[in-house]
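Residue numbers (our numbering): -4 to 496.
Written out below as structure tokens is the structure these notes cover.
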RNA sequence: GGGCCGUUAGCUCAACGGGUAGAGCUCCGGACUUUUAAUCCGGCGGAGCGGGUUCGAGUCCUGCACGGCCUACCA
């Protein structure tokens, strides 16, 4: 009837109208299509676990269960109907027989639609063909589905649907559920490893009065009560270091950070980082920590350190090599004599020879880093700690104990991508102030990503900090590696998209 | 920000040099008491939005929207 009202309804509208009509008919019969107070005795997964390997084909268990799930398949045989319920990753068959249910209940089973949430109470049996099933004694509609789901055979491939309507993706695509579980297990493993090492989990502020701790453009928002512009955090670093100054000698935080920059298969404006700080540790200790964290995350999330990735293999097992950044650039450019004392003009010429863009304002450190990023980083496949980054590009890292040109900093590269960034932290307040002031000058010169001088942070440092090592891990990229997916949008449940129209 | 590409039924995909758009699944009607992509018979349903060229446009041109890839940017 709404067909005439809307004039030219789409097929989808017709399908929805049919389902609404069924819901209406149920209400008219005194049945709530959205009931409450339903209890189940077993998750579907529990039924499978308890009866896997038990019961002969055609045998009944005598045990009664009450289960729930989404109806994802139906095979009708007239007086016998096979239903398949899905709950999470588990599917379980239901036998609905006219003999057992009677004509009235059987008619309501016939009226169920794929996508409906359904409760079934009955005996656990094995069908004649050997499929573990529940022989339905009662069938209850738990939640009427008004909108047809994509068919379970083909799934949903359209990426826009998958990202915008993640509920559909999860309901239909087992791989989407797999990634969610890997993510959860990896994060749980990181927490467990930190807990085992005596770290305390903390939560810093998300709203900052100035954005610091990384080089990135922030999002700006406004606090009405304070009539104050605030910035969404771009890193966790500065507040965590203040906590160490306060005597919290081992702290970590897992949290969302926000960077107002471009989107790409590897960048989402909001993403998840874990950062940790450990008093008395240096970057060598943090490399050991990083290796332990990621190896544990791999084992607990996917069961092995030998990962399939992007058509190849990546093994996170064993000891990971530690390679000075300058050595890597020397090798890549075939210039063994290269150093941070090499004149900038010569480095610029070298960059030009390798088609690497070089800004005239850059000094030797930045030029060497640029050469590394363009020539070397993407070539590092197995886990590699790249160590000793130039001072001028590392404003929060301590100078190297024996080389004034570089800092005690490393990045972990796996499969050509940065997974972690860490250093022996700078704890000298005067050195820190000088570095931040250099950043502030760059900022005044138009560099929107340069840091500002954070007086609260400097004051904390002036009270005195223990020596410490700090670590930041990109959780999304870690999950991409573990789950073998190529876009960050596959590991973030609701990635940033333009609004649909 | 720039370049290239995509958008066909609820889902997954076709076709054609510009000439009435096909299939499978889903859905609707029917048969069927052990199927599991059940099967069998019958049926409904479609070109992202807007302009233009043309006798005629899903197809050619163009604007817009959304998306993808590359690039730029990016600790």
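A virtual CB, placed ideally from N, CA and C, is assigned to each residue, including glycine.
Item                                                                                                                                                            : Value
For residue 448 and residue 428, what's the separation of their Cα atoms in angstroms?                                                                          : 7 Å
Should residue 421 and residue 393 be called a contact, given that it needs their Cβ atoms to be closer than 8 Å?                                               : yes
In its own chain, which residues sit with a C-beta less than 8 Å from the C-beta of residue 256, not counting the 5 before and 5 after it?                      : 211, 212, 262, 264
Do the CB positions of residue 132 and residue 116 come within less than 8 Å of each other?                                                                     : yes
For the alpha helix (DSSP H) that residue 188 lies in, which residues bound it at each end?                                                                     : 169 to 191
Report yes if the C-beta distance between residue 180 and residue 295 is below 8 Å; otherwise report no.                                                        : yes
My parser needs the beta strand (DSSP E) runs of 3 or more residues fully inside the stretch 193 to 278; what are they?                                         : 215 to 218, 223 to 227, 245 to 253, 265 to 274
Give me the residue from 495, 353, 451 with the minimum Cα distance to residue 208.                                                                             : 451
Looking at C-beta atoms only, is the number of pairs between the stretch 458 to 470 and the stretch 126 to 144 that lie closer than 8 Å three or more?          : no
Check residue 348 in the structure and name its three-state DSSP category.                                                                                      : helix
With residue 319 as the anchor, note down where its beta strand (DSSP E) starts and where it stops.                                                             : 317 to 319
Taking all protein chains shown into account, decide if residue 254 is buried (16 or more other Cβ within 10 angstroms of its Cβ) or exposed.                   : buried
State the beta-bridge partners of residue 288 as determined by DSSP.                                                                                            : Paired residue(s): none; residue 288 is not in a bridge.
Put residue 492 into one of helix, strand or coil per three-state DSSP.                                                                                         : coil
Decide if the stretch 232 to 252 is in contact with the stretch 272 to 291; the criterion is three or more beta carbon pairs, one per stretch, under 8 Å apart. : yes
Should residue 366 and residue 388 be called a contact, given that it needs their Cβ atoms to be closer than 8 Å?                                               : no
What does DSSP give as the partner residues of residue 394 in its beta bridges?                                                                                 : 402
Where does residue 281 sit, in a helix, a strand or coil, going by DSSP?                                                                                        : helix
List the DSSP bridge partners of residue 37.                                                                                                                    : In DSSP, residue 37 forms no bridge with anything.
Could you give the residue range of the alpha helix (DSSP H) that holds residue 457?                                                                            : 450 to 457
Since residue 324 and residue 371 should fall inside the 8 Å C-beta cutoff, what is the C-beta to C-beta distance between them, to a whole number of angstroms? : 7 Å
When the Cα atoms are used, what is the spatial distance from residue 299 to residue 177?                                                                       : 12 Å
If we count the other Cβ atoms within 10 Å of its Cβ and call it buried at 16 or more, is residue 260 buried or exposed?                                        : exposed
DSSP state of residue 382, grouped into three classes?                                                                                                          : strand
For residue 455, which option in 242, 402, 39 has the closest C-alpha, if you only look at C-alpha atoms?                                                       : 242
Rounded to whole angstroms, what is the Cα-Cα separation between residue 188 and residue 406?                                                                   : 20 Å
DSSP three-state label for residue 8, please.                                                                                                                   : helix
Can you give me the Cβ contacts of residue 159 inside the same chain, cut-off strictly under 7 Å, excluding the 5 residues immediately before and after it?     : 492, 495
Looking at C-alpha atoms only, which residue of 13, 137, 55, 250 is the closest neighbour of residue 27?                                                        : 137
At which residues does the alpha helix (DSSP H) containing residue 498 begin and terminate?                                                                     : This structure gives no information on residue 498, because the portion of the chain shown stretches from -4 to 496.
Sort 50, 292, 140 by Cα distance to residue 29 and report the nearest one.                                                                                      : 140
In the DSSP output, which residue or residues are listed as bridge partners for residue 483?                                                                    : Bridge partners of residue 483: none, in fact.
Could you check where the beta strand (DSSP E) with residue 86 kicks off and where it finishes?                                                                 : 85 to 92
Can you pull the DSSP bridge partners for residue 418?                                                                                                          : 404, 465
Check residue 139 in the structure and name its three-state DSSP category.                                                                                      : coil
What does the alpha-carbon distance come out to for the pair residue 314 and residue 186?                                                                       : 22 Å
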